[in-house]
Structures are given as structure tokens and as C-alpha cells.
Amino acid sequence: MNSRIRFLVPALMLLSTALPVHADNHTVSQVKKSFSVPVVKAKIGDTIEFRNDDDFAHNVFSLSDSQSFDLGSYKKGEVRSVKLATEGVIEVECAIHPDMKMKIEVKK
Amino acid sequence: MTLTRLVVAAVLAMSAVAMATDGATDETVPAPRDTQAASVVRGGIVYRTYCVLCHGAEGRGDGRAAKMYTPKPANLTESPFNDVYKELIIRRGGTGVGRSAYMPPWGDELSDEQIHDLVSFLRELRKTGQPAG
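Heads up: the sequence lines are chains D and U, in that order. Residue numbers are given in our numbering: position 73 of the first sequence equals residue 191, and the series is strictly consecutive. Residue numbers are given in our numbering: position 75 of the second sequence equals residue 412, and the series is strictly consecutive.
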């Protein structure tokens with residue numbers, strides 16, 4: 119019995135680290151040359167979907183040290199996404215519309 | 338009598354305004370809107386608003402976003418392309434002319450006048466190696 123517990127405890131610990139943490143999807147719309155929200159609070163592993171609801175193209179990107187990306191230019195109705203990989207604050211911009219800015223706060 | 342004085346004063350005042358207006362018209366310098374120099378200045382404003390991110394303040398392809406891209410943004414002080422092709426790249430973006438997809442299409446964002454002014458600015462930049470305006 120005792121030996122079973124000794125075996126089970128490390129096995130359960132191993133299993134708990136191996137199980138994937140539930141990841142969420144967050145949708146951020148681009149409409150009227152603005153992001154639909156100024157800040158998204160998310161965690162590592164979550165995905166941010168950027169949906170273009172304007173009649174013209176957007177080009178969402180970030181040059182932040184914690185995570186940089188460029189989703190390229192995409193037209194109305196299209197969605198581009200980025201998976202959050204590191205903790206920190208990601209400042210997001212649009213290359214075509216310099217006034218568009220938002221942040222993603224990424225926790226562990 | 339009082340009414341007559343008022344009418345005379347009003348007529349004199351209107352004449353004075355008309356004379357002042359005529360004088361101002363004579364001395365007014367035509368707005369430089371349609372000159373090449375003005376187009377370059379306006380194009381510089383467009384450049385600093387939309388293009389500087391990738392192409393850099395001096396146009397050398399070293400803007401703050403350049404580090405993300407391979408190939409690097411074009412060095413516009415050495416651009417081999419003519420005005421027509423530059424306008425095409427600006428309007429359609431890199432993908433539209435078979436070049437880097439990192440260059441967005443600006444045809445929906447910029448007006449015809451802005452694109453024309455931007456090409457004027459780029460022509461001057463290519464000629465002098467220095468951003469004008």
C-alpha cells in the first residue's frame with residue numbers, strides 16, 4: 119500500500135505537468151480604424167484573433183521585446199491570429215493606420 | 338439727417354473694406370499648392386506618417402520595424418525604379434507586383450494626391466539622398 123502511494127504521487131505530479139493548460143481564444147475586431155478593445159488580458163498559450171471588420175485592409179504587428187509579430191495585410195472579413203508565447207506586455211499597432219494601438223497583457 | 342449720416346458712414350465703410358480687400362488681393366502670393374516643391378513637402382508628411390516605420394527617417398530601409406523582415410525594406414535613396422513603378426508598388430503593395438508581401442497596399446488608404454506627392458518626395462529623396470520637407 120505504502121509503495122503504491124509512493125508510486126502514485128510522482129506519477130500524478132508528472133501527469134499534472136504534462137496536462138495542457140486550457141487555452142482561450144480572444145477576438146479583437148478592427149473597426150473604424152480602431153481596435154475594439156484597448157487592452158486584452160490573456161495568458162501564455164492563448165490565441166488572439168484579429169478580425170478585420172473595416173472595408174479596407176489592416177496590417178497588425180508588434181515590435182515588443184516580449185513577442186514581436188507581423189500578421190501582414192488582410193482585407194475585410196479576414197482573420198489573422200497570433201499565439202501568445204511569453205509573459206509580458208505586447209504593444210500592438212497597425213502598419214497602415216499609425217493611430218491604431220492596443221496592448222496585450224500576457225500572464226503565465 | 339441722422340439717417341443720412343448713417344447711410345454716408347455705411348457707404349464709406351463699405352468702400353474702405355472693398356479697397357482693403359483689393360489691396361490684399363494684389364499683394365497675395367499665389368498658394369504654392371500646385372508647385373513641385375509643395376508636392377515634395379506634402380509627400381514628406383505622407384512619408385513620415387506611413388512609410389517611416391519600415392523605410393526609416395532617412396529612407397534607407399532601416400525603420401524600427403525593419404528588423405522583423407527578410408528581405409529588408411527597400412533603401413529608397415538607391416531605388417532603381419521609375420515613378421510609374423513606384424506608384425504601382427505603393428498602390429498595390431509588394432504582393433501586387435510580385436515583390437515582398439511585407440509591403441502593404443496603400444491604394445485604399447491614400448488619396449491619389451497623396452500618392453502623387455509621395456512619389457514626388459521619393460524622387461527628390463533618390464536625387465539628393467536626403468529627405469526633404
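Just so it is clear, CB atoms sit at the ideal spot from N, CA and C, and this is done for glycine as well.
Item, Value
"Which of helix, strand or coil DSSP assigns to His-144(D)", "strand"
"Beta carbon proximity, Ile-214(D) to chain U, threshold 8 Å", "yes"
"Expected contact under 8 Å - CB spacing of Ala-213(D) and Tyr-192(D) to nearest Å", "No, Ala-213(D) and Tyr-192(D) are not in contact; Cβ-Cβ is about 11 Å, not under 8 Å."
"Opening and closing residue of the beta strand (DSSP E) in which Cys-391(U) lies", "Unbroken run through Cys-391(U) is the alpha helix (DSSP H), 389 to 392; no beta strand (DSSP E)."
"Within-8 Å CB hit, Phe-168(D) to chain C", "Annotation note: the requested chain C is absent from the structure, which comprises protein chains D and U."
"Three CB pairs or more closer than 8 Å across the stretch 409 to 422 of chain U and the stretch 181 to 198 of chain D", "no"
"Partner residues on chain U for Ala-203(D), Cβ-Cβ distance less than 7 Å", "Result: empty, since nearest Cβ-Cβ is about 15 Å, beyond 7 Å."
"Exposed unless 16 or more other CB atoms sit within 10 angstroms - verdict on Val-178(D)", "buried"
"Per-residue contacts from Pro-442(U) into chain D (C-beta, under 9 Å)", "Ala-175, Ser-191, Ile-214"
"Amino acids of chain D, ordered along the chain, whose beta-carbon sits closer than 8 Å to that of Ala-402(U)", "Phe-179, Leu-181, Asp-188, Ala-213"
"Within-8 Å CB hit, Ala-411(U) to chain D", "no"
"As assigned by DSSP and simplified to three states, the class of Gly-380(U)", "helix"
"Contact between the stretch 179 to 187 of chain D and the stretch 159 to 166 of chain D (3+ Cβ pairs under 8 Å)", "no"
"Exposed unless 16 or more other CB atoms sit within 10 angstroms - verdict on Asp-420(U)", "exposed"
"Sequence-distant residues of the same chain with beta carbon closer than 6 Å to Arg-429(U), five excluded per side", "Pro-442"
"Lys-150(D) - DSSP class collapsed to helix/strand/coil", "coil"
"Partners in chain D for Thr-386(U), counting only beta-carbon separations shorter than 9 Å", "Pro-216"
"Within chain D, partners of Asp-445(U) - CB distance below 7 Å", "Phe-174, Ala-175"
"Length of the line joining the Cα atoms of Pro-408(U) and Ser-154(D)", "32 Å"
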